[in-house]
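Below is one structure, written out as structure tokens; the observations come after it.
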Amino acid sequence: MYEEYFGFTKTPFKRDIDVKKLYLYEDFQELKSRLKYAIDNRLFAAVTGEVGIGKSTAIRAVVDEINPVSHKVIYISQSDMSPKSFYNEILEQLDISPSYFKPEAKRMVNKAVMDMYQHGKTPIIIIDEAHLLTEKMLEEVRFLVNFNMDSLSPLCLILVGQPELSELLSGYSMRAISQRITIRYSLKELDLQSVEDYIRTHIKAAGSSSELFTSEAIKEIHCFSAGIPRKINLICDKSLLHCFMNKTKLVDDIVVKRIIKTELEN
Ligand SMILES: Nc1ncnc2c1ncn2[C@@H]1O[C@H](COP(=O)(O)OP(=O)(O)OP(=O)(O)O)[C@@H](O)[C@H]1O
Ligand SMILES: [Mg+2]
């Protein structure tokens, strides 16, 4: 709506920001390298962080750099599924016809994983929103990493979820799965300087190099968003829209405070 007015070629602060134009802050880069390590060594990893912190975006960035010839990514985000539909979802993503029976579907997944491994291809199973997994489902996940009586690791498994995932995995009944998680990483909130750089990155990714936010405005955004990217996106987008409506070009703290007030009232 306001793109042309501000000289953008794309809408800024969107969820579909080009994966090549992401804000590559230290924490994000560290997570990416640990996930790459997990993939290269076919390990079991768990990624946690608050809602909107950038977990799925980090996964998107890692997947983008994966060689599809030597790897096969299976991405699952409906965590409320039954074990049978979980195995069948994996089969579907491998272009294998599903099975009506869970034991059969499980056997077929195991076989497909072993076949890939023997052909030098690494399956990477990513389960997003994993904090919603039931104990029953987590048990199945454990079976998945328990190949050949635990002597072999043919796949990389990445669990992604809100901080409750760590609590879930730390339960006594979860120790068998928890002990197999080699890589754990928790994404943290952005600090003030990072919020400024983050905003600049989104503006640049949308095709502009203008300084559209005053430093006072950025302080307010940092304070309200607590450094959570999705919340930063929301305030920035609404602030730009407000300026467009009022025919101004600079987002200052007065604009941001007004947007935040409306947000809090709704
Ligand atoms: N490194 C980044 N660079 C640019 N934008 C980012 C980055 N990380 C996150 N974002 C932005 O923040 C938004 C929210 O991130 P994302 O959806 O990855 O969060 P999440 O942790 O997966 O949230 P949820 O817990 O709700 O699944 C993204 O749509 C994207 O616009
Ligand atoms: Mg997500």
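Mapping of the sequence shown onto this note's numbering: residues 1 to 266, in sequence order. Ideal placement from N, C-alpha and C gives every residue a C-beta, glycine not left out. Since the model is a prediction, treat every value here as computed from it, not as a measurement.
field: Delimiting residues of the beta strand (DSSP E) encompassing R42
entry: For R42, there is no enclosing beta strand (DSSP E), since its DSSP letter is neither H nor E.
query: So which residues touch the region around ligand 2, with touch meaning a C-beta under 6 Å from any heavy atom?
result: Environment of ligand 2, chain-ordered: K55, S56, D128, taking every residue with Cβ within less than 6 Å of a heavy atom.
Heavy atom of ligand 1 within 8 Å of I199 beta-carbon: Annotation for I199 indicates a beta carbon at 8 Å or more from all heavy atoms of ligand 1.
query: Any contact of the stretch 6 to 13 with the stretch 26 to 38, i.e. 3+ C-beta pairs under 8 Å?
result: In short, these stretches do not touch, since the Cβ pair count stays below three.
- prompt: Under the DSSP definition of a beta bridge, which residues are partnered with V47?
  reply: For V47, the pairing in a beta bridge is given by DSSP as V160, Y185.
- request: With distances taken Cα to Cα, identify the nearest neighbour of K20 among L192, D197, A58.
  value: For the options L192, D197, A58, the alpha carbon positioned closest to that of K20 is the one of A58.
message: For a test of the three-state rule: what should DSSP assign to I218, helix, strand or coil?
response: Here I218 carries a helix assignment [DSSP, helix/strand/coil].
- request: Answer with buried or exposed for G227, where buried requires no fewer than 16 other C-beta atoms within 10 angstroms of its C-beta.
  value: Classification for G227: buried.
task: Alpha carbon to alpha carbon, how far is K136 from D115? Give it in angstroms, no decimals.
output: Their Cα atoms are separated by approximately 26 Å.
message: ligand 1 and G52: does the residue's C-beta get closer than 8 Å to at least one heavy atom of that ligand?
response: At least one heavy atom of ligand 1 lies less than 8 Å from the C-beta of G52.
message: How far does the alpha helix (DSSP H) with L125 in it extend, from its first residue to its last?
response: The residue asked about is misnamed: residue 125 is Ile in this sequence, not Leu. Premise fails: I125 lies in the beta strand (DSSP E), 122 to 127, not in any alpha helix (DSSP H).
field: Nearest-angstrom beta carbon gap, I17 and I74 [assumed within contact, 8 Å]
entry: Not confirmed; about 24 Å, so no contact.
message: According to DSSP, simplified to helix, strand and coil, what is H119?
response: Note: H119 maps to coil in three-state DSSP.
task: Counting only the same chain and skipping the five closest in sequence on each side, list residues whose C-beta sits under 6 Å from that of N67.
output: Nothing listed; no residue qualifies.
field: Contact the stretch 45 to 53 vs the stretch 186 to 204: 3+ CB pairs below 8 Å
entry: Result yes; three or more Cβ-Cβ pairs closer than 8 Å.
task: Label V69 either buried or exposed according to how many other C-beta atoms from any shown protein chain fall within 10 Å of its C-beta, with 16 as the threshold for buried.
output: Residue environment for V69: exposed (fewer than 16 other C-beta atoms within 10 angstroms of its C-beta).
query: When every heavy atom of ligand 1 is checked, does at least one fall within less than 8 Å of the C-beta of L24?
result: Ligand 1 approaches L24 closely enough that one of its heavy atoms is under 8 Å from the residue's Cβ.
field: Top-ranked residue by Cα proximity to V195, from D128, F224, Q78
entry: Nearest C-alpha to V195: F224.
Residue environment, I254, which counts as buried when at least 16 other CB atoms sit within 10 Å: Per the 10 Å Cβ criterion, exposed.
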